[in-house]
Structure formats: structure tokens, C-alpha cells
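Here's the structure we're looking at; comments come further down.
In this note's numbering, the protein residues as written are 252 to 474.
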């Protein structure tokens with residue numbers, strides 16, 4: 252009797268030990284079954300974010316830069332004329348076409364995000380914004396004009412307030428064209444070599460502000 256009792260008791264213990272394992276198996280199966288739903292939801296969210304990002308890249312904006320001339324600081328506006336970008340400041344006015352740009356995929360192997368702007372209203376025309384590889388001037392022109400120059404990737408800084416080039420909003424500068432000239436042109440000088448060659452009174456580091464249309468807030472895409 253005692254032997255049979257021990258066998259029965261032992262068998263009951265084994266059954267008790269198996270129950271948690273069975274429950275865990277069920278939980279594991281439920282978790283595995285939920286994986287496709289979680290992945291699908293994550294993919295849908297990522298796709299929506301990419302779509303929002305793409306839409307945001309199409310929003311037109313102007314360009315401004317804080318610039319002090321003759322002791323007067325103001326936000327000068329970026330204008331396009333003579334194939335370059337200049338800054339229109341009350342102390343140094345430049346009559347050009349106001350920059351009105353947006354981000355657009357550059358047609359090339361690199362698949363960079365490029366930057367385009369309207370360059371004329373009559374007749375309507377637009378051009379690519381790029382940096383001259385030799386002079387470092389920020390220029391505009393047709394696609395053929397951009398060959399062998401810096402075409403991107405353009406984007407915005409993490410706070411979305413400034414234009415960035417190659418991942419940084421730093422490196423831009425306003426440079427007075429010549430000693431007698433009053434026009435200030437926009438250059439990209441990420442390594443500071445242009446600053447070393449230019450008199451200090453003709454070189455001012457700047458950030459290119461994104462001037463969005465009134466009522467538009469760029470910051471609607473979140474991680």
C-alpha cells in the first residue's frame with residue numbers, strides 16, 4: 252500500500268509540475284501569434300511617418316539670416332540673382348528674386364535630397380540650389396550647372412529651424428563680394444578655409460533660417 256501510495260503521490264506531483272509549463276507554452280504561443288500584428292502596426296506607423304516627412308519636404312519656405320552691417324543687425328532675406336544667392340539687408344539692399352524653395356530628390360545615383368527654388372515668376376522658372384566646388388558660393392541653375400558641384404544632401408537641423416547641408420546647419424557664411432562692393436553673398440565654408448583667406452570685415456558666419464509661410468508649423472513629424 253505504501254508503495255502504491257508513493258507512486259500515486261509522485262504521479263500527482265509530476266502532474267502539478269507540468270501545469271505551469273503548459274500555461275507558459277500557451278502564453279508563448281499567444282506572444283508568437285501577436286508578433287505579426289506588432290510588426291504590422293510598427294510598419295504602418297513607419298510608413299505614415301515617411302509619408303509625413305515627404306509631405307513636409309514639399310512645403311515652400313524662404314531663407315533668412317541674422318546679419319549685422321554698420322552696427323545694424325536684422326534678419327536679411329535670401330535672394331537669387333546673377334546665378335548666386337545674396338542677402339537683402341536694409342544697409343546692403345540687393346534686388347533679386349526672393350528665395351522660395353522646397354526639398355526635392357536630386358536625379359542621380361546618390362539619391363540625395365536636393366533643394367530647388369523658384370527663380371522667376373514671369374516666365375515661371377525654377378533652379379537647383381548647389382555649392383560651387385571651387386569658389387564655395389551658394390549658386391542656382393539647371394541640372395547641367397550642378398555637375399561636379401555639391402548638390403546635397405540638403406535638409407533641416409534637428410530643431411527644423413535652419414537649413415542643413417551634409418548633415419549640419421553650420422558652415423554657412425555671408426561674404427562681401429569685394430572691398431568696394433556692398434552685396435553680401437552666401438557661401439558654404441565647413442572647414443573654415445575661406446575664412447582664413449578673407450578679411451574679417453568681409454566674412455560673417457551665419458545660419459540659414461527656414462522662413463515658413465504664416466500659419467505653417469514644420470514640426471509635426473515625431474519619432
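The beta-carbon is built from N, C-alpha and C at its ideal position, and this holds for glycine as well. Quick caveat: nothing in here was measured; it's all calculated off a predicted structure.
Counting C-beta neighbours from all protein chains within 10 Å, is the total for residue i 16 or more, i.e. buried, or is it exposed?
i: residue 382; result: buried
i: residue 455; result: buried
i: residue 451; result: exposed
i: residue 440; result: buried
i: residue 376; result: exposed
i: residue 351; result: buried
i: residue 359; result: exposed
i: residue 316; result: buried
i: residue 418; result: exposed
i: residue 457; result: buried
i: residue 414; result: buried
To the nearest angstrom, how far is it from the Cα of residue i to the Cα of residue j?
i: residue 329; j: residue 459; result: 9 Å
i: residue 478; j: residue 429; result: Beyond the ends of the chain as shown, which are 252 and 474, falls residue 478; an answer cannot be given.
i: residue 393; j: residue 324; result: 34 Å
i: residue 346; j: residue 425; result: 17 Å
i: residue 379; j: residue 427; result: 23 Å
i: residue 306; j: residue 408; result: 17 Å
i: residue 433; j: residue 334; result: 17 Å
i: residue 423; j: residue 362; result: 23 Å
i: residue 453; j: residue 387; result: 15 Å
Can you give me the Cβ contacts of residue i inside the same chain, cut-off strictly under 6 Å, excluding the 5 residues immediately before and after it?
i: residue 308; result: 354
i: residue 444; result: none
i: residue 437; result: 336 and 389
i: residue 320; result: 340, 342 and 343
i: residue 326; result: 315 and 317
Please name the residue in the options whose C-alpha comes closest to that of residue i.
i: residue 314; options: 421, 334, 427 and 338; result: 338
i: residue 332; options: 368, 361 and 419; result: 368
In chain order, what residues of the same chain lie with their CB nearer than 7 Å to the CB of residue i, ignoring the 5 residues before and after it?
i: residue 371; result: 348
i: residue 264; result: Residue confidence is low: residue 264 scores 47 on pLDDT, short of 50, so the model does not pin down where it sits. No coordinate-derived value is stated.
Which residues in the same chain as residue i place their Cβ atom closer than 8 Å to its Cβ, once the five residues preceding and following it in sequence are excluded?
i: residue 364; result: 308, 354, 355, 356, 357, 403, 404, 405 and 406
i: residue 400; result: 381, 382, 383, 384 and 390
i: residue 322; result: none
i: residue 462; result: 312, 313, 314, 315 and 328
Within the 7 Å Cβ cut-off, does residue i reach chain B?
i: residue 407; result: Of the protein chains in this structure there is only one, and it is not chain B.
Considering only residues of the region 297 to 382, which uninterrupted beta strand (DSSP E) runs meet the minimum length of 3 residues and lie entirely inside it, listed in chain order?
-> 312 to 320, 323 to 332, 335 to 339, 352 to 356, 364 to 372 and 375 to 382
Hey, which unbroken runs of the alpha helix (DSSP H) at 4 residues or more fall wholly within the region 372 to 447?
-> 394 to 397
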